[in-house]
Amino acid sequence: MPRRFLPQGPLRGAIAVPGDKSISHRALILSALAIGESRITGLLEGEDVLASAAALRAMGAGIERGNDGTWRVHGVGVGGLGQPAGALDMGNSGTSTRLLMGLVASHRLTATFVGDASLSRRPMGRVIEPLSRMGADITASPGGTLPLMVRGLVPAVPIEYTLPVASAQVKSAILLAGLNTPGITTVIEPVPTRDHSERMLAGFGAQISVEQDSAGARVIRLIGEAELRPQAITVPGDPSSAAFFVVAALLVPGSELLVHNVGLNPTRAGLFAVLREMGARIEEENLRDVGGEPVADLRVFHSALTGVDVDPAVAPAMIDEFPVLFVAAALARGRTTTSGLEELRVKESDRLTAMAEALTAAGARVSETQDGLVIDGTGGAPLPGLAGNGAPVTTHLDHRIAMSMAVAGLASADGVEVDDIRPIATSFPDFETLLASATGQESAR
Numbered sequence: 001m002p003r004r005f006l007p008q009g010p011l012r013g014a015i016a017v018p019g020d021k022s023i024s025h026r027a028l029i030l031s032a033l034a035i036g037e038s039r040i041t042g043l044l045e046g047e048d049v050l051a052s053a054a055a056l057r058a059m060g061a062g063i064e065r066g067n068d069g070t071w072r073v074h075g076v077g078v079g080g081l082g083q084p085a086g087a088l089d090m091g092n093s094g095t096s097t098r099l100l101m102g103l104v105a106s107h108r109l110t111a112t113f114v115g116d117a118s119l120s121r122r123p124m125g126r127v128i129e130p131l132s133r134m135g136a137d138i139t140a141s142p143g144g145t146l147p148l149m150v151r152g153l154v155p156a157v158p159i160e161y162t163l164p165v166a167s168a169q170v171k172s173a174i175l176l177a178g179l180n181t182p183g184i185t186t187v188i189e190p191v192p193t194r195d196h197s198e199r200m201l202a203g204f205g206a207q208i209s210v211e212q213d214s215a216g217a218r219v220i221r222l223i224g225e226a227e228l229r230p231q232a233i234t235v236p237g238d239p240s241s242a243a244f245f246v247v248a249a250l251l252v253p254g255s256e257l258l259v260h261n262v263g264l265n266p267t268r269a270g271l272f273a274v275l276r277e278m279g280a281r282i283e284e285e286n287l288r289d290v291g292g293e294p295v296a297d298l299r300v301f302h303s304a305l306t307g308v309d310v311d312p313a314v315a316p317a318m319i320d321e322f323p324v325l326f327v328a329a330a331l332a333r334g335r336t337t338t339s340g341l342e343e344l345r346v347k348e349s350d351r352l353t354a355m356a357e358a359l360t361a362a363g364a365r366v367s368e369t370q371d372g373l374v375i376d377g378t379g380g381a382p383l384p385g386l387a388g389n390g391a392p393v394t395t396h397l398d399h400r401i402a403m404s405m406a407v408a409g410l411a412s413a414d415g416v417e418v419d420d421i422r423p424i425a426t427s428f429p430d431f432e433t434l435l436a437s438a439t440g441q442e443s444a445r
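Numbering (full-length UniProt numbering), first residue to last: 1 to 445.
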């Protein structure tokens with residue numbers, strides 16, 4: 001389903017973005033492993049999170065949404081999940097796949113994981129390797145991709161594992177497997193990644209510790225055969241979803257937009273730090289703590305941005321936000337360089353090549369390197385965009401490419417057409433509605 005995104009004028013007023021996707025997945029999973037009823041408010045109801053919910057139901061957890069939007073999860077206890085009747089359909093969700101593979105690895109059941117065409121190209125070897133060490137028997141398609149089958153082992157074998165790549169999903173998969181594994185499961189993280197799993201595991205009552213070793217790596221230890229207590233969870237707004245509106249407000253002249261309830265976990269907030277380094281005016285209001293996560297309202301003003309050399313060390317704290325940062329860089333003054341982003345090549349698409357091609361089609365000056373992009377900005381002038389007979393940019397079934405290029409359309413002269421907006425529903429089903437509200441188009445619809 002193609003859609004042309006046109007310049008609509010300043011972004012004004014206030015919006016609230018959906019709940020954090022990473023936290024939503026983990027809230028459902030850990031609630032399913034607690035004994036009793038947990039309640040979750042603010043859950044992201046996108047297709048990715050709903051895939052996790054459906055899989056957990058298929059393994060015996062009771063999960064239902066109330067009319068008030070509160071989700072109630074009746075957990076079965078650690079080790080209490082049962083054999084699913086059929087394959088677990090992960091849709092487009094890499095997070096669902098990798099986390100639930102970890103969960104199954106230490107349960108006495110066999111599960112087959114399937115997904116859509118995009119997910120079926122994504123590598124699962126990085127999860128297969130440590131889970132196999134713990135005793136799971138995993139049979140994957142060629143290249144370590146979906147469809148794949150996981151046969152769990154009880155009791156599984158506790159391991160000490162140093163992450164070869166910075167990946168919160170791999171870390172979380174091992175920790176979830178460790179919940180039903182006797183002894184101590186240890187994950188060593190040379191480069192810190194988002195720590196939602198550690199925070200939430202502690203909140204549910206797991207015995208987990210996080211220390212720093214002499215080399216500066218994070219050492220996470222989890223004592224297995226845990227008993228989790230049900231919780232009441234409020235999911236903060238997703239900083240990855242807020243990112244599109246923050247960048248749009250920075251780029252479109254005359255904008256002043258308040259984005260409510262944005263999670264500012266330091267392992268996730270790298271984009272806002274980089275944008276401030278570029279000259280962005282982003283003010284934090286009503287800073288508070290929600291369920292162990294720092295949260296604030298962000299007031300964003302149109303700003304003149306300047307290109308920067310992005311420190312590759314910040315990549316894990318903003319890995320999903322680079323596509324929209326590339327859009328900001330395309331309208332900044334001077335050159336922005338990024339490196340150390342090999343991980344972007346194995347996301348829902350090869351996001352380096354996809355964004356280089358899409359931005360070039362919209363009139364930006366972009367060159368691609370092996371591990372990043374170099375972008376020479378317009379100095380604030382709108383991107384040319386696409387002429388009326390121009391071909392749509394290719395999103396490769398990637399929701400973040402589609403939303404990033406929608407933002408580029410707002411900051412263009414002639415608009416930008418994306419080839420398919422349907423993937424946006426995987427993470428942000430209300431994206432277009434909020435965009436219409438922020439640009440004052442809602443009443444005109």
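Don't be surprised by glycine CBs; every beta carbon is placed ideally from N, CA and C.
request  = Using a threshold of 7 Å, state whether the C-beta atoms of Asp48 and Asp238 are closer than that.
outcome  = Within the sequence shown, residue 48 is the residue found at index 48, counting from 1. Within the sequence shown, residue 238 is the residue found at index 238, counting from 1. No.
request  = Using DSSP bridges, identify the partner residues of residue 506.
outcome  = Limits of the chain in this structure are 1 at one end and 445 at the other, which puts residue 506 out of reach.
ask   = If we ignore side chains and look at the alpha-carbon of each, how far apart do Glu211 and Ala177 end up?
value = Numbered from its first residue, the sequence shown carries residue 211 at position 211. Numbered from its first residue, the sequence shown carries residue 177 at position 177. C-alpha separation (whole angstroms): 20 Å.
query = Is DSSP giving Asp48 helix, strand or coil here?
reply = Along the sequence shown, read from residue 1 onward, the residue named residue 48 stands at position 48. In the structure shown, Asp48 sits in a helix (DSSP, three-state: H, G or I).
query = Considering Ala111, what are the terminal residues of the beta strand (DSSP E) in which it resides?
reply = In the sequence shown, the residue the question calls residue 111 occupies position 111. Thr110 to Val114 is the span of the beta strand (DSSP E), which, as asked, contains Ala111.
request  = Within its chain, find whatever has a CB closer than 6 Å to the CB of Gly440; leave out the 5 residues flanking it on each side and keep chain order.
outcome  = By 1-based counting over the sequence shown, the position of residue 440 is 440. Excluding sequence neighbours, Gly440 sits near nothing in its chain.
key: Enclosing alpha helix (DSSP H) for Ile401 [first to last residue]   = For the purposes of this step, residue 401 is taken as residue 401 along the sequence shown, with counting starting at 1. Residues His399 to Leu410.
task = May I ask which residues mark the beginning and end of the alpha helix (DSSP H) holding Leu99?
result = The residue labelled residue 99 in the question sits at position 99 within the sequence shown. If you look at Leu99, you'll find it in the alpha helix (DSSP H) that goes Gly94 to Ala105.
query = Per DSSP, what kind of secondary structure is Arg194 in: helix, strand or coil?
reply = Here residue 194 corresponds to residue number 194 of the sequence shown, with the count starting at 1. DSSP places Arg194 in coil when its eight states are reduced to three.
inquiry  = Considering only their Cβ atoms, is the gap separating Arg122 from Gly94 smaller than 7 Å?
reply    = Walking along the sequence shown from the start, residue 94 turns up at place 94. Walking along the sequence shown from the start, residue 122 turns up at place 122. It is a contact, given that the beta carbons lie within the stated cut-off.
task = Pick helix, strand or coil for Val416, following the three-state DSSP scheme.
result = As a first step, residue 416 must be located in the sequence shown, where it is residue number 416. Looking at Val416 - three-state DSSP - the assignment turns out to be strand.
query = Taking the C-alpha atoms as reference points, what is the distance between Asp398 and Phe326?
reply = Working through the sequence shown from its first residue, we reach residue 398 at position 398. Working through the sequence shown from its first residue, we reach residue 326 at position 326. Using only the alpha carbons, I get a separation of about 15 Å.
request  = Enumerate in chain order the residues of its own chain whose CB-to-CB distance from Val393 is below 6 Å, with the five nearest sequence positions on each side excluded.
outcome  = Locating residue 393 in the sequence shown gives position 393, counting from the first residue. Sequence-distant Cβ neighbours of Val393 in its own chain, meaning closer than 6 Å and more than five residues away, are Ala358, Ala361, Met405 and Val418.
query = According to DSSP, which residues form a beta bridge with Asp89?
reply = The residue labelled residue 89 in the question sits at position 89 within the sequence shown. Its beta-bridge partners are Val114.
query = Do you know offhand how far Ala202's Cα is from Val290's?
reply = Here residue 202 corresponds to residue number 202 of the sequence shown, with the count starting at 1. Here residue 290 corresponds to residue number 290 of the sequence shown, with the count starting at 1. Rounded to the nearest angstrom, the two C-alpha atoms are 15 Å apart.
query = So, using beta-carbon positions, are Ile15 and Val407 closer together than 7 Å?
reply = Residue numbering aside, residue 15 sits at position 15 when the sequence shown is read from its first letter. Residue numbering aside, residue 407 sits at position 407 when the sequence shown is read from its first letter. No, these two residues do not count as a Cβ contact at 7 Å.
query = How would you label Leu163, buried or exposed, when you count the other beta carbons within 10 angstroms and need 16 or more for buried?
reply = As a first step, residue 163 must be located in the sequence shown, where it is residue number 163. That one is buried.
Cut-off 6 Å between Cβ atoms - residues of its own chain near Arg335, not counting five sequence neighbours on either side = As a working mapping, residue 335 is identified with position 335 in the sequence shown. The answer, listed in chain order, is Gly307 and Asp376.
ask   = From the DSSP output, which residues share a beta bridge with Thr234?
value = Taking the first residue of the sequence shown as 1, we reach residue 234 at position 234. DSSP lists Thr41 as partners of Thr234.
message = For Glu343 and Ser349, what's the separation of their Cα atoms in angstroms?
response = Translated into the one-based positions of the sequence shown, residue 343 becomes position 343. Translated into the one-based positions of the sequence shown, residue 349 becomes position 349. So the two alpha carbons sit approximately 11 Å from each other.
message = I believe Tyr161 touches Val187 by the beta-carbon criterion, under 8 Å. Please report the beta-carbon distance rounded to the nearest angstrom.
response = Translated into the one-based positions of the sequence shown, residue 161 becomes position 161. Translated into the one-based positions of the sequence shown, residue 187 becomes position 187. For Tyr161 against Val187, the beta-carbon gap comes to about 6 Å, under 8 Å, which counts as contact.
key: Cut-off 8 Å between Cβ atoms - residues of its own chain near Pro84, not counting five sequence neighbours on either side   = Against the sequence shown, residue 84 aligns to sequence position 84. Around Pro84: Ala55, Ala58, Met59, Leu109 and Ala111.
message = Please list the terminal residues of the continuous beta strand (DSSP E) segment that includes Pro147.
response = Taking the first residue of the sequence shown as 1, we reach residue 147 at position 147. Unbroken beta strand (DSSP E) run through Pro147: Thr145 to Arg151.
request  = Might you give, ordered along the chain, the residues of its own chain that have their beta carbon closer than 6 Å to the beta carbon of Ser24, omitting 5 neighbours on each side?
outcome  = Within the sequence shown, residue 24 is the residue found at index 24, counting from 1. Apart from the 5 residues on each side of it in sequence, Ser24 sits with its Cβ closer than 6 Å to the Cβ of Leu43, Leu44, Val49 and Val235 in its chain, given in chain order.
query = Got a sec, what are the start and stop residues for the alpha helix (DSSP H) Gln169 sits in?
reply = In the sequence shown, counting from the first residue as 1, residue 169 sits at position 169. Residue range Ala168 to Leu179 is occupied by the alpha helix (DSSP H) that includes Gln169.
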